[in-house]
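Participant: Top line first, the protein sequences correspond to chains A and B. Per our numbering, the very first residue in the first sequence carries number 3; after that it's consecutive. Per our numbering, the very first residue in the second sequence carries number 3; after that it's consecutive. All C-beta atoms in this analysis are idealised placements derived from N, C-alpha and C, irrespective of residue type, glycine included.
2 protein chains.
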Amino acid sequence: MTTDVSRSARTGEAGEEIAASAASDVQLALTAAREVAATLAATSPAQRRDWLIAVADAAQAATEQLVAVADQETGLGEARLSAEVAGMAGQTRFYTDVAAEGSWLGATLDPQTDTAPALGRVQMPLGPVAVFGASNFPFRFGTLGNDTSSAIAAGCPVIVKAHPAHPLTARLLGEIATGALRDAGAPEGTFAQLVGFEAGTALVAAPEIEAVAFTGSQRGGMALWEIANQRQRVIPVYAEMGTVNPVVVTRGGAGARLAEIASGFVGSFTLGMGQFCTKPGLLLAPSGSDAAAVVGQALESAAPQGWMLTEQIGHSAVAGIAELVDAGAQVVAQTPAAESGWTSPATVLRVEAADLIRGEERLLEECFGPVALVVEYADDAERDAVLAALQGSLAAAVMPAGADDPEVPALVGALAGQVGRVTVGDWPTGVAFAWAQQHGGPWPATSIPSATSVGAAALDRFTRPVTFQSTPDAALPPALQAANPWGIPRRVGGRLESPSPEGGPA
Amino acid sequence: MTTDVSRSARTGEAGEEIAASAASDVQLALTAAREVAATLAATSPAQRRDWLIAVADAAQAATEQLVAVADQETGLGEARLSAEVAGMAGQTRFYTDVAAEGSWLGATLDPQTDTAPALGRVQMPLGPVAVFGASNFPFRFGTLGNDTSSAIAAGCPVIVKAHPAHPLTARLLGEIATGALRDAGAPEGTFAQLVGFEAGTALVAAPEIEAVAFTGSQRGGMALWEIANQRQRVIPVYAEMGTVNPVVVTRGGAGARLAEIASGFVGSFTLGMGQFCTKPGLLLAPSGSDAAAVVGQALESAAPQGWMLTEQIGHSAVAGIAELVDAGAQVVAQTPAAESGWTSPATVLRVEAADLIRGEERLLEECFGPVALVVEYADDAERDAVLAALQGSLAAAVMPAGADDPEVPALVGALAGQVGRVTVGDWPTGVAFAWAQQHGGPWPATSIPSATSVGAAALDRFTRPVTFQSTPDAALPPALQAANPWGIPRRVGGRLESPSPEGGPA
Numbered sequence: 003m004t005t006d007v008s009r010s011a012r013t014g015e016a017g018e019e020i021a022a023s024a025a026s027d028v029q030l031a032l033t034a035a036r037e038v039a040a041t042l043a044a045t046s047p048a049q050r051r052d053w054l055i056a057v058a059d060a061a062q063a064a065t066e067q068l069v070a071v072a073d074q075e076t077g078l079g080e081a082r083l084s085a086e087v088a089g090m091a092g093q094t095r096f097y098t099d100v101a102a103e104g105s106w107l108g109a110t111l112d113p114q115t116d117t118a119p120a121l122g123r124v125q126m127p128l129g130p131v132a133v134f135g136a137s138n139f140p141f142r143f144g145t146l147g148n149d150t151s152s153a154i155a156a157g158c159p160v161i162v163k164a165h166p167a168h169p170l171t172a173r174l175l176g177e178i179a180t181g182a183l184r185d186a187g188a189p190e191g192t193f194a195q196l197v198g199f200e201a202g203t204a205l206v207a208a209p210e211i212e213a214v215a216f217t218g219s220q221r222g223g224m225a226l227w228e229i230a231n232q233r234q235r236v237i238p239v240y241a242e243m244g245t246v247n248p249v250v251v252t253r254g255g256a257g258a259r260l261a262e263i264a265s266g267f268v269g270s271f272t273l274g275m276g277q278f279c280t281k282p283g284l285l286l287a288p289s290g291s292d293a294a295a296v297v298g299q300a301l302e303s304a305a306p307q308g309w310m311l312t313e314q315i316g317h318s319a320v321a322g323i324a325e326l327v328d329a330g331a332q333v334v335a336q337t338p339a340a341e342s343g344w345t346s347p348a349t350v351l352r353v354e355a356a357d358l359i360r361g362e363e364r365l366l367e368e369c370f371g372p373v374a375l376v377v378e379y380a381d382d383a384e385r386d387a388v389l390a391a392l393q394g395s396l397a398a399a400v401m402p403a404g405a406d407d408p409e410v411p412a413l414v415g416a417l418a419g420q421v422g423r424v425t426v427g428d429w430p431t432g433v434a435f436a437w438a439q440q441h442g443g444p445w446p447a448t449s450i451p452s453a454t455s456v457g458a459a460a461l462d463r464f465t466r467p468v469t470f471q472s473t474p475d476a477a478l479p480p481a482l483q484a485a486n487p488w489g490i491p492r493r494v495g496g497r498l499e500s501p502s503p504e505g506g507p508a
Numbered sequence: 003m004t005t006d007v008s009r010s011a012r013t014g015e016a017g018e019e020i021a022a023s024a025a026s027d028v029q030l031a032l033t034a035a036r037e038v039a040a041t042l043a044a045t046s047p048a049q050r051r052d053w054l055i056a057v058a059d060a061a062q063a064a065t066e067q068l069v070a071v072a073d074q075e076t077g078l079g080e081a082r083l084s085a086e087v088a089g090m091a092g093q094t095r096f097y098t099d100v101a102a103e104g105s106w107l108g109a110t111l112d113p114q115t116d117t118a119p120a121l122g123r124v125q126m127p128l129g130p131v132a133v134f135g136a137s138n139f140p141f142r143f144g145t146l147g148n149d150t151s152s153a154i155a156a157g158c159p160v161i162v163k164a165h166p167a168h169p170l171t172a173r174l175l176g177e178i179a180t181g182a183l184r185d186a187g188a189p190e191g192t193f194a195q196l197v198g199f200e201a202g203t204a205l206v207a208a209p210e211i212e213a214v215a216f217t218g219s220q221r222g223g224m225a226l227w228e229i230a231n232q233r234q235r236v237i238p239v240y241a242e243m244g245t246v247n248p249v250v251v252t253r254g255g256a257g258a259r260l261a262e263i264a265s266g267f268v269g270s271f272t273l274g275m276g277q278f279c280t281k282p283g284l285l286l287a288p289s290g291s292d293a294a295a296v297v298g299q300a301l302e303s304a305a306p307q308g309w310m311l312t313e314q315i316g317h318s319a320v321a322g323i324a325e326l327v328d329a330g331a332q333v334v335a336q337t338p339a340a341e342s343g344w345t346s347p348a349t350v351l352r353v354e355a356a357d358l359i360r361g362e363e364r365l366l367e368e369c370f371g372p373v374a375l376v377v378e379y380a381d382d383a384e385r386d387a388v389l390a391a392l393q394g395s396l397a398a399a400v401m402p403a404g405a406d407d408p409e410v411p412a413l414v415g416a417l418a419g420q421v422g423r424v425t426v427g428d429w430p431t432g433v434a435f436a437w438a439q440q441h442g443g444p445w446p447a448t449s450i451p452s453a454t455s456v457g458a459a460a461l462d463r464f465t466r467p468v469t470f471q472s473t474p475d476a477a478l479p480p481a482l483q484a485a486n487p488w489g490i491p492r493r494v495g496g497r498l499e500s501p502s503p504e505g506g507p508a
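(1) What span of residues does the alpha helix (DSSP H) with A/E37 cover, start to end?
(2) Could you have a look at B/F134 and say whether DSSP puts it in helix, strand or coil?
(3) Count the other CB atoms, across all protein chains shown, that sit within 10 Å of the CB of B/R360; report buried if there are 16 or more and exposed otherwise.
(4) Opposite A/L284 in the DSSP bridges: which residues?
(5) For the ligand ZN, I want to know if B/T245 counts as a neighbour, meaning its beta carbon is within less than 7 angstroms of at least one of the ligand's heavy atoms.
(6) If we count the other Cβ atoms within 10 Å of its Cβ and call it buried at 16 or more, is B/M310 buried or exposed?
(7) Since I believe A/P140 is in contact with A/T76 (beta carbons under 8 angstroms), could you give me their beta-carbon distance rounded to a whole number of angstroms?
(8) Taking 7 angstroms as the limit between beta carbons, can you name the residues of its chain near A/E2, skipping five residues before and five after?
(9) May I ask you to report which of helix, strand or coil DSSP gives A/P467?
(10) Can the beta-carbon of B/P464 be found less than 8 angstroms from the beta-carbon of B/P47?
(11) Skipping 5 residues on each side, what residues in its chain have a beta carbon closer than 7 angstroms to that of A/M3?
(12) For A/P528, return the contacting residues in chain B, with the cut-off set at a CB-CB distance below 7 angstroms.
(13) Compare the C-beta of B/V414 with all C-beta atoms of chain A and state if any pair is closer than 8 angstroms.
(14) Unbroken alpha helix (DSSP H) runs of length 4 or more, entirely within the region 261–339 of chain B: which are they?
(15) If you measure between the beta carbons of B/G330 and B/E302, is that distance less than 8 angstroms?
(16) Compile a chain-ordered list of the residues in the region 226–244 of chain B whose CB is closer than 7 angstroms to at least one CB of chain A.
(17) I need the boundaries of the beta strand (DSSP E) containing A/M401, first residue and last residue.
(18) Report the rounded CA-to-CA distance for A/V249 versus A/A403, giving the unit in angstroms.
(19) When you compare each of A/Q232, A/A348, A/G308 and A/A261 to A/D292 by their alpha carbons, which one comes out closest?
(20) At 8 angstroms on the CB atoms, spell out the chain B contacts of A/R364, in chain order.
(21) Could you tell me if B/A102 is buried or exposed, where buried requires 16 or more neighbouring beta carbons within 10 angstroms of its beta carbon?
(22) Measuring CB atoms only, is the region 224–243 of chain B touching the region 152–170 of chain B, in the sense that at least three cross pairs come out at less than 8 angstroms?
(23) Going straight from the alpha carbon of B/R9 to that of B/S342, what length do you get?
(24) What does DSSP give as the partner residues of B/R196 in its beta bridges?
(25) Just checking, does the region 213–222 of chain B make contact with the region 380–394 of chain B on the three C-beta pairs under 8 angstroms criterion?
(26) Quick one, which of A/P501, A/V373 and A/G496 has its alpha-carbon nearest A/T115's?
(27) Got a sec, what are the start and stop residues for the alpha helix (DSSP H) B/A63 sits in?
(28) Quick one: Cα of B/H441 to Cα of B/N247, how far?
(29) Would A/L367 pass as a contact of A/G244 if the rule is Cβ separation under 8 angstroms?
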């Protein structure tokens with residue numbers, strides 16, 4: 003069985019070994035989650051809010067310890083990691099607010115008519131969810147964070163497969179969550195964490211599991227998706243995978259502020275050493291702007307320093323640069339990598355529009371790390387042809403001269419067909435947690451493009467609608483009962499009804 | 003290439019042959035749908051309402067002709083088919099109302115704050131949808147009906163693969179739709195219909211197609227799902243497949259009104275000769291109630307008469323009865339099949355709870371046609387074990403003594419975990435189109451259990467959320483513009499806002 007080993011990103015040095023979960027421990031966790039699922043589903047969102055806020059508070063109280071462990075394993079630095087703990091706690095509280103507000107339940111009541119029976123429809127929790135966090139956000143997409151918080155807020159037990167890139171961080175987070183949930187009164191089985199590759203594949207295949215949330219590489223996501231598709235009862239795999247996240251500089255933008263854009267682009271694609279799923283990996287600029295050289299100069303003056311999260315990610319980034327060159331890209335600028343630990347040089351490459359348009363595969367795929375391509379487009383047709391050659395992405399950005407740049411509307415419209423989020427004038431790297439956030443994009447950016455792993459709709463992934471026909475009030479779930487005990491917005495007879503400020507029905 | 007042949011269900015006689023679409027015609031339809039997709043997506047739901055109402059009106063105006071053709075091909079009878087044309091037209095109008103109301107767009111605006119950019123999120127149409135209708139509802143789930151209407155209402159072009167069980171009905175519906183859409187001003191490419199197996203598989207594999215809606219057998223649904231999963235860019239396949247739809251008679255129900263329940267059960271499972279996806283295929287009754295014999299008597303006095311939709315469906319039903327017997331079921335009652343055409347005897351079989359609990363596969367699977375199993379349960383534990391052994395279903399029914407039967411709440415709760423719709427005291431066969439309807443259930447009843455093919459949420463299948471960050475108003479889709487030009491409900495800063503009655507923003 004695979005043992006996780008904690009390693010320092012800065013030196014590569016091996017530390018503590020964490021034993022893989024035994025098959026019997028996997029089964030114990032699955033059984034506990036299955037057994038508690040109905041209990042959890044029957045709790046109110048307000049009750050689950052108390053539990054999750056306890057987890058957020060406990061994690062924040064342990065910030066110093068968490069950051070120390072995570073910094074050793076990830077090399078991401080204290081400032082970033084401290085902010086990430088706070089962000090994780092804030093997200094968790096946000097999901098509990100979303101859950102308590104209740105719109106996500108989609109409660110809909112059609113009273114009986116002469117020709118139709120009484121119907122009530124509501125989103126019900128799916129049951130046990132397997133969470134596979136990411137290496138690059140140990141707190142916001144790790145043992146805790148978006149997936150775990152939104153699944154529990156939605157009323158589903160969670161079993162996490164600890165990420166091998168930061169096993170001690172995962173273990174500490176697991177201990178904090180387990181303790182806080184127990185102290186807050188959450189039932190046994192609400193949360194568990196397992197270790198090791200075998201435990202992860204066993205989870206996805208297990209009949210007790212109802213959904214999978216994954217953030218990571220396309221290879222990893224596809225592997226889990228294939229296991230899930232071979233189950234007797236197929237379950238959804240919400241996998242966030244590779245994504246290029248193109249940036250388009252308009253003619254006006256290039257004319258007015260190319261140096262500023264280049265500097266912003268470098269800041270965005272080298273943030274966290276390019277280890278963001280929202281890293282912009284390709285800049286399209288009008289021909290004659292000499293954008294590749296301008297971006298290259300910006301990289302050289304920024305000279306970003308940092309470490310890669312794992313040895314494999316470092317190797318893949320270095321290999322990726324070589325593959326891009328083999329596929330026809332030219333290195334424009336490269337800054338030296340750190341001298342120890344897991345590293346990759348930050349690199350800007352120039353690529354020909356024609357090579358992208360004819361579908362040169364390696365040039366069209368993500369290169370995870372501080373690596374970006376710059377391409378020049380001769381005219382709108384060539385720009386659109388390059389965009390059409392790209393795969394779906396999580397995000398895309400338009401960099402105009404200003405808000406009234408006449409090229410913006412058409413570009414926003416075109417990009418909206420290819421990504422989950424379009425930004426104008428903003429870099430895509432930051433992902434605010436908010437009601438209106440979408441973090442998911444067309445295949446292969448995510449496996450289920452109608453879903454999001456950040457924002458209010460993150461809860462929706464872990465529910466399924468059920469309609470109750472001619473069902474007595476006492477047998478209805480609370481969200482559909484006449485008294486509206488949870489005080490949630492509902493649609494009754496086709497009309498939206500908001501609850502009164504007192505919390506009862508309007 | 004496969005040629006569709008129109009055949010009389012009542013006599014088996016072959017009529018007109020309909021040539022399969024040539025590969026070049028398939029590509030023409032795909033290209034037209036792809037080219038019109040952005041135009042369609044940019045139209046308002048109100049504009050699409052006009053087109054779809056024109057289709058509904060034209061179909062209703064042709065009711066006599068449609069029913070004559072469909073009755074010849076399906077043997078379903080004029081009364082049922084006339085009602086179905088009206089139902090299809092009513093559904094179509096309903097989807098246009100849902101689309102125009104606008105909640106389905108999920109328009110959400112988070113204004114800019116000190117720490118977060120302005121975000122706006124909205125559901126956008128996916129693009130061209132391939133529709134594979136069912137044999138059993140030529141109007142409500144055919145060339146037109148739930149899938150086609152909800153997809154166009156959502157702003158997606160539709161390409162239908164004509165059902166080979168009723169090719170002339172399909173052709174006539176296609177002609178009506180094409181003419182009505184053209185006359186109403188819908189752009190070329192909004193709707194097309196293709197003929198033949200090869201055209202169907204080509205559609206699912208085609209890069210132009212963004213989603214598939216299918217209603218039919220598990221074999222057919224899985225085949226399309228597998229093609230879609232092997233695409234370079236995987237797309238969602240919304241397949242409604244096999245389903246058993248269990249009915250549980252409570253002890254009180256058996257004591258108070260078993261004969262009435264048995265008679266209702268026979269009416270429900272032989273409706274349309276059992277060719278409903280919501281046919282109740284298994285009745286669970288308390289032991290000692292002698293329910294199998296009572297249901298058998300009810301079948302004999304009902305003596306249902308009718309035809310099967312196709313030769314294959316008739317053969318499968320007859321073979322299914324034999325397979326059920328081989329797997330341990332005993333025939334309790336059987337009424338004679340029609341003497342000509344495609345037929346199956348209506349049949350009640352008795353099965354032991356133990357055989358279901360130990361997972362005897364054939365007994366746990368749907369037998370499409372006028373065939374049902376009756377099982378007796380000794381106690382709650384055995385009842386629950388039988389229910390747990392079943393696969394997911396579209397629907398389940400509880401048959402209690404009355405609304406205050408104390409067994410109802412727990413049973414409703416248990417069944418809600420296994421199906422998409424629970425009815426109490428009602429038979430599951432009828433599926434009202436309404437805001438609160440859910441027609442979809444856990445795998446394998448449907449491939450995407452979070453979706454529905456009937457009810458307001460049917461539109462959601464054909465959309466994907468996109469978030470617009472820091473985007474100027476003029477570049478936003480209408481649903482997110484400050485003036486709220488479509489007058490739809492929106493969430494702004496986390497609060498739901500209903501439009502004023504005049505249609506402008508509140």
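Facilitator: Result, derived from the coordinates:
(1) The count along the first sequence starts at 1 and reaches residue 37 of chain A at position 35. Start and end: A25 to A44.
(2) Position 132 of the second sequence, counting from 1, holds the residue named residue 134 of chain B. In the structure shown, B/F134 sits in a strand (DSSP, three-state: E or B).
(3) Taking the second sequence and counting its residues from 1, one reaches residue 360 of chain B at position 358. In this structure B/R360 is exposed. Its beta-carbon is surrounded by fewer than 16 other beta-carbon atoms within 10 angstroms.
(4) Translated into positions along the first sequence, residue 284 of chain A becomes position 282. A/P248 and A/L375, per the DSSP bridge assignment.
(5) The model depicted lacks the ligand ZN and carries no ligand whatsoever.
(6) Here residue 310 of chain B refers to the residue found at position 308 of the second sequence. So B/M310 counts as buried.
(7) Sequence index remark: in the first sequence, residue 76 of chain A carries index 74 (1-based). Sequence index remark: in the first sequence, residue 140 of chain A carries index 138 (1-based). That pair is a contact at about 6 angstroms.
(8) No statement about residue 2 of chain A is possible, as the shown extent of chain A runs from 3 to 508 and does not include it.
(9) Counted from its first residue, the first sequence places residue 467 of chain A at position 465. Looking at A/P467 - three-state DSSP - the assignment turns out to be strand.
(10) Counting from 1 along the second sequence, the entry for residue 464 of chain B is found at position 462. Counting from 1 along the second sequence, the entry for residue 47 of chain B is found at position 45. It is Phe, not Pro, that sits at residue 464 of chain B in the sequence shown. The answer is no: Cβ separation not under 8 angstroms.
(11) On the first sequence, residue 3 of chain A is found 1 positions in, with the first residue counted as 1. For A/M3, where only same-chain residues beyond five positions count, the Cβ hits under 7 angstroms are A22, G198 and E200.
(12) Since the displayed chain A opens at 3 and closes at 508, residue 528 of chain A lies outside it and no answer follows.
(13) Here residue 414 of chain B corresponds to residue number 412 of the second sequence, with the count starting at 1. Output row for B/V414: interface = yes.
(14) Considered as a whole, the region 261–339 of chain B harbours 293–304 and 313–328 as its complete alpha helix (DSSP H) runs of no fewer than 4 residues, in chain order.
(15) Along the second sequence, read from residue 1 onward, the residue named residue 330 of chain B stands at position 328. Along the second sequence, read from residue 1 onward, the residue named residue 302 of chain B stands at position 300. Against a cut-off of 8 angstroms, the Cβ pair of B/E302 and B/G330 comes out as no contact.
(16) N231, R235 and V236
(17) Looking up residue 401 of chain A in the first sequence gives position 399. Segment S395 to M401, the beta strand (DSSP E) holding A/M401.
(18) Within the first sequence, numbered from 1, the residue matching residue 249 of chain A stands at position 247. Within the first sequence, numbered from 1, the residue matching residue 403 of chain A stands at position 401. The straight-line gap from Cα to Cα measures roughly 14 angstroms.
(19) Here residue 292 of chain A refers to the residue found at position 290 of the first sequence. Comparing Cα-Cα distances from A/D292 to each of A/Q232, A/A348, A/G308 and A/A261, the minimum goes to A/A261.
(20) If you number the first sequence from 1, residue 364 of chain A lands on position 362. Near A/R364 there are no residues of chain B at all, since even the closest Cβ is about 15 angstroms away, more than 8 angstroms.
(21) Working through the second sequence from its first residue, we reach residue 102 of chain B at position 100. Looking at its Cβ environment, which holds 16 or more other Cβ atoms inside 10 Å, B/A102 is buried.
(22) Note that the region 224–243 of chain B does not touch the region 152–170 of chain B; fewer than 3 beta-carbon pairs, one per stretch, sit closer than 8 angstroms.
(23) The residue given as residue 9 of chain B occupies position 7 in the second sequence. The residue given as residue 342 of chain B occupies position 340 in the second sequence. For B/R9 and B/S342, the distance between alpha carbons rounds to 13 angstroms.
(24) Residue numbering aside, residue 196 of chain B sits at position 194 when the second sequence is read from its first letter. Rather than Arg, the amino acid found at residue 196 of chain B in this sequence is Leu. DSSP lists B/K163 as partners of B/L196.
(25) no
(26) Counted from its first residue, the first sequence places residue 115 of chain A at position 113. Out of A/P501, A/V373 and A/G496, A/G496 has the C-alpha closest to the C-alpha of A/T115.
(27) Sequence index remark: in the second sequence, residue 63 of chain B carries index 61 (1-based). It spans P47 to A63 - the alpha helix (DSSP H) in which B/A63 sits, taken as one unbroken run.
(28) Translated into positions along the second sequence, residue 441 of chain B becomes position 439. Translated into positions along the second sequence, residue 247 of chain B becomes position 245. Distance between the alpha carbons of B/H441 and B/N247 is about 12 angstroms.
(29) Start at 1 with the first residue of the first sequence, and residue 367 of chain A comes out as number 365. Start at 1 with the first residue of the first sequence, and residue 244 of chain A comes out as number 242. Checking the sequence shown, residue 367 of chain A turns out to be Glu, not Leu. Cβ atoms of A/E367 and A/G244: closer than 8 angstroms.
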